Structure formats: structure tokens, C-alpha cells
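Please read the structure below before turning to the comments.
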Amino acid sequence: MNYDNHNLIDHLAAEYVLGTLKGPARKRFARLLMTSEYARHATNQWEQHLNALGTQLPHDAPNPQVWQKIQARINNTQNVTAIGHGKSVTKTSTPWFWPTISAASLAACVLLTILVMLPSEPVDQRFVSDQFALVKDQQQQPLWLIDATDNALLVKANEQLKARQDKDYELWMIVKTQEAPISLGLLPKSGQASLPIPKDFADGNINLLAVSLEPLGGSPTGTPTEVLYTAELVDI
């Protein structure tokens, strides 16, 4: 899916705020909010727009007689003889019912229009996860997005990442059952990469993730040389 398309982001943000964005699509958009300034802006605009709709309506308590008339219409039934069948049927006189249906239909049409405008693409199950981590620098700028799926760790480097070419960046996990960090592999300096997922991820034993600066090829000692960043796993 092309997340550089601002029109697409606007439509997804609208569905996200309305609550109609479900399942894997909602999880992907939640992750996108962590890395995309435009996605956060679009979501904030939709939240303000929809919240304003409610605040603009004046509070006007209905007259008690209104409720009495509504109740009377609900209870107002009459027997009508069906032509040609000789059977008695009950017809409810509820003229208030049709405006309600019309309003509901209009709202459904608005949502349907948004859904139709979205491109229909199959969901890539490799990118469906329940946990992710965002590695940031000291200025809180995102560097790597890490998705923990059932089969692998999917790591994507930020396009703004300025990686050193004379060094490598290694990902480590700190687990609850031992003190020594465990290497998960080298992080990509651009694009994305897939790293094997260890059993501890599935068991929920992760305390923290860490990124270290290493010589080319990774840590020569099996332990982090210089820890640069840490990140926590987030459930979604």
C-alpha cells in the first residue's frame, strides 16, 4: 500500500477515527502513526472535525409532551383486514420511523463512499503482528520500526536514517530469565530486513530491546560493544 499518497492517508485516518478500520489494517495504521507525521496530522484533523460536529449542536431538552406523543404513536395500532385473504393483520402507525431510517441510511452512504474510494488489496500476513517496537534517537526521531510476527522480526529502516558505513548496528534483546543480552542480528541501514524470531518473543519474556554500534559483521565478543538506543515492545 502506498503510504506516500496523502489522499489514501486521509481516507484511512477518517476510518481510523470513525472506528470502521478493523483488524490488520487498523494495526498497520497504528504503526504508521508512530512514524508518519502526515498520518498523525490527518488523524488529528479528523478527530477535531468529528468532535466539532457534536459541540456545535445546541442542547435543547424536548418538551415532556413530545415523549408522550411518541409513546402514543408507538402504542397506536389498528387492525387492518388483508384484501383477498380474510386475515387480520396489525399495522403500527409510526410516522417518526421513516425519518430515522433516512438519517441512518445517509450515514451509511457516507461511510460506504469512504470505503469504496479505498484501494482493495490483499492483506500480506507477513506484516500482521501484535507487537512492535520503535527505535528512536536522542532527539526522538524514529530510526527503525520492528514488527514481531509469528514467523519473523520485520525491521524497516527510516528513510532519514544516516547510518555509518564503517560500522554495523546490532539488535539485542534483554530477557527476564537471564542477564546477558541475546543477539537478534544486524539491523538494515536502508530498506527492510527479516530476522529470525526467538522463542522468548512468543513467551513474553522480553524486558527490553537494544541497539549497539559494532564493527562490520557484528559483535566480535558476543556481547554489545557500545549500546546506542533502547526500545520497548508495544502490544497492539
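Its first residue numbered 1, the sequence shown is counted upward by one per residue in UniProt numbering.
Yeah, the Cβ is synthetic: ideal placement off N, Cα and C, and Gly gets one too.
In this text, all values refer to a predicted model and were calculated from it rather than measured experimentally.
Which residues in the same chain have their Cβ closer than 7 Å to the Cβ of residue i, if we skip the five residues on either side of it in sequence?
i: I9; result: Y3, Y38, A39 and A42
i: I206; result: M173, V175, D200 and L233
i: T225; result: S212, L213, E214 and S219
Tell me where the beta strand (DSSP E) around residue i begins and ends.
i: K156; result: A152 to A157
i: K136; result: Q131 to K136
i: P64; result: From DSSP, P64 is part of no beta strand (DSSP E) but of the alpha helix (DSSP H) over P64 to N75.
i: A13; result: Here A13 belongs to no beta strand (DSSP E); instead the alpha helix (DSSP H) covers H6 to L18.
i: L195; result: Q192 to P196
Going by DSSP, what residues sit across from residue i in a beta bridge?
i: D235; result: Q131
i: W172; result: S183 and A210
i: L145; result: L134 and K156
i: T230; result: A210
Does the Cβ-Cβ distance between residue i and residue j come in under 8 Å?
i: W46; j: A72; result: no
i: P181; j: T223; result: yes
i: Q192; j: V135; result: no
i: L143; j: D137; result: yes
i: I146; j: A133; result: yes
i: Q165; j: A148; result: no
i: A152; j: P196; result: yes
i: Q160; j: Q139; result: no
i: K167; j: L216; result: yes
i: Y16; j: R31; result: no
i: L18; j: F29; result: no
I need the boundaries of the alpha helix (DSSP H) containing residue i, first residue and last residue.
i: G23; result: G23 to T35
Within its chain, find whatever has a CB closer than 6 Å to the CB of residue i; leave out the 5 residues flanking it on each side and keep chain order.
i: Y169; result: L187 and V211
i: S190; result: A157
i: L209; result: A133, M173 and A231
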